[in-house]
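A short write-up of the structure that comes next.
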């Protein structure tokens, strides 16, 4: 496990691609968001050509390193290696956790997604370092995310396991409470920060909402 | 460079995914094709979930190893590492050759695609082990392949460089001649073998066509 990663790194977990909406660069948005209180960053970019992903990914990686915030890469373990990421976040259709760990080494932080009881069982069997459960609320960010599942699966995980978990999907400062009350260690946020007029303020609001529930 | 890879490995280069058309498994088609004369195999599968890609990829890797045929993976360096591939084939939008070499090591065989003079210049600057130039002829296999370019770019490469090269795109035994006469070391074939009623016979025909032009 990366030394700078702890369970509380999940408190305010930003997921963002290489091209946020609006005028600002991804690096500018990320810097503001970290100043506002983001505690973990996942780079999720599936559309740009890889050479551009690597160029922008390196900028974002540098911002995270400057602030000591964990930098994870979605899906692609090869890009995580090239970007010297602290770890990866894997979906159910991605490289299995044990194989990713073989490539990334024992210090890597490896998260996995689950959206129903069967996926939860599969994910737990793979022994990731944390889970992302959702979509909790309806979201337009991820087209293939499926129907919202609420907070029940987070509560179910909590009955079974102490594994660190973030809720994801349509979460902002106004609706983070139920996710945290269900037992999540934090909330993963996409557009509520990346598309906000003031990413720093948006992150700070979510941080304040999450801080009250710190385990 | 992998010890079993030489320039003549490119003579009959099969590109296939995890699910060829028809009744046969990919491993069955690959075995027949190698018995017919295939000299190099590239696993190109972009649709199946990665766990299934890895399962079928391992079967195909075992067939290649049994016959001493180089096994390359399209695009994904992480999957190449997990499948213990001999190398990768990279497009212009994929991981740059030098970065892939950093992850795979100096013995890996790394090929790159080019489809016009500008892409050829970029590819040459990256010092791959071989080039794939095309689409030479019209093809329905790869939706994003673009309009056919004929054999002119292969001839242009030959004027500039001795780098090993295969033509790709709509090639079968009947039209391989002009590709080889233009200076290609071999032909990359997709549906002419993978979708053939008799993959072994189809591979043998292409091998016979290519053998006459062996450099």
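Residue numbers (the UniProt record's numbering), protein chains in the order written: chain A, 1 to 215; chain B, 1 to 215. Think of the CB as a built atom: it goes at the ideal place given N, C-alpha and C, for glycine as much as any other residue.
Of all alpha-carbon atoms in A/195, A/164 and A/177, the one lying nearest the alpha-carbon of residue 10 of chain A is that of A/164. Between residue 207 of chain B and residue 36 of chain B, the gap from beta carbon to beta carbon is short of 8 Å.
Taking a C-beta cut-off of 9 Å against chain B, the contacting residues of the region 49-79 of chain A are 49, 50, 51, 52, 54, 75, 76, 77, 78 and 79, listed in chain order. Relative to the Cα of residue 48 of chain B, the nearest Cα in the group A/95, A/66, A/25 and A/39 belongs to A/95. The alpha carbon of residue 91 of chain A has as its nearest neighbour, out of A/196, A/122 and A/84, the alpha carbon of A/122.
Here DSSP, grouped into helix, strand and coil, assigns residue 18 of chain B to coil. By the Cβ rule, the region 12-21 of chain A counts as touching the region 51-69 of chain A, because three or more pairs are nearer than 8 Å. Nearest to residue 130 of chain A by C-alpha distance, out of A/110, A/138, A/148 and A/147, is A/110.
Membership of residue 83 of chain B in any beta strand (DSSP E) is not indicated, and neither H nor E is assigned to it by DSSP.
Here residue 135 of chain B really is in contact with residue 170 of chain B; their C-beta atoms are around 6 Å apart, less than 8 Å.
Only 95, 96, 99, 100, 102 and 103 from the region 95-112 of chain A bring a Cβ to less than 9 Å from some Cβ of chain B. In this structure, DSSP gives residue 193 of chain A a helical state, which the three-state scheme calls helix.
The continuous alpha helix (DSSP H) containing residue 36 of chain A extends over residues 26-36. Under the 10 Å beta carbon count, residue 101 of chain B is surrounded by 16 or more other beta carbons and is classified as buried. Contact annotation for residue 124 of chain B against chain A: no contact, minimum CB-CB distance about 16 Å [criterion: below 7 Å]. Among the residues facing chain B, residue 131 of chain A is not included, as its CB has no counterpart in that chain under 8 Å away. A check of alpha carbon separations from residue 33 of chain A across A/156, A/194 and A/62 identifies A/194 as the nearest.
Closest in C-alpha terms to residue 197 of chain B, from the list B/22, B/88 and B/204, comes B/22. Excluding residues up to 5 positions away in sequence, 171, 172, 173, 202 and 206 lie with their Cβ nearer than 8 Å to the Cβ of residue 192 of chain A in the same chain.
Between residue 77 of chain A and residue 43 of chain A, the C-beta gap is not smaller than 8 Å, which leaves the two residues out of contact. Under the three-state reduction of DSSP, residue 188 of chain B is assigned to strand.
Contact annotation: residue 157 of chain A and residue 180 of chain A have beta-carbon atoms that are not nearer than 8 Å.
At the C-beta level, residue 166 of chain B and residue 152 of chain B stay beyond 8 Å of one another. Around the C-beta of residue 188 of chain B, 16 or more other C-beta atoms lie within 10 Å, and the residue is accordingly described as buried.
Taking residue 62 of chain A as reference, the option from A/27, A/40, A/39 and A/88 with the minimal CA-CA separation is A/27.
In the three-state reduction of the DSSP assignment, residue 200 of chain B falls in the helix class.
By the criterion of a C-beta distance shorter than 7 Å, residue 178 of chain B is surrounded in its chain by 151, once the five residues flanking it on both sides are discounted. Neighbours of residue 81 of chain B in chain A, taken as residues whose beta carbon is under 7 Å from its own, are 103 in chain order.
By the C-beta density criterion, residue 39 of chain B is buried, having at least 16 other C-beta atoms within 10 angstroms.
Exposed is the label assigned to residue 162 of chain B, since fewer than 16 other Cβ atoms lie within 10 Å of its Cβ. Uninterrupted beta strand (DSSP E) stretches at least 3 residues long and entirely within the region 127-181 of chain B occur at 130-133 and 165-168, given in chain order. Chain order gives the chain B residues near residue 93 of chain A as 49, 50 and 51, where near means a beta carbon separation below 8 Å. Residue 84 of chain A and residue 176 of chain B have their C-alpha atoms spaced approximately 44 Å apart.
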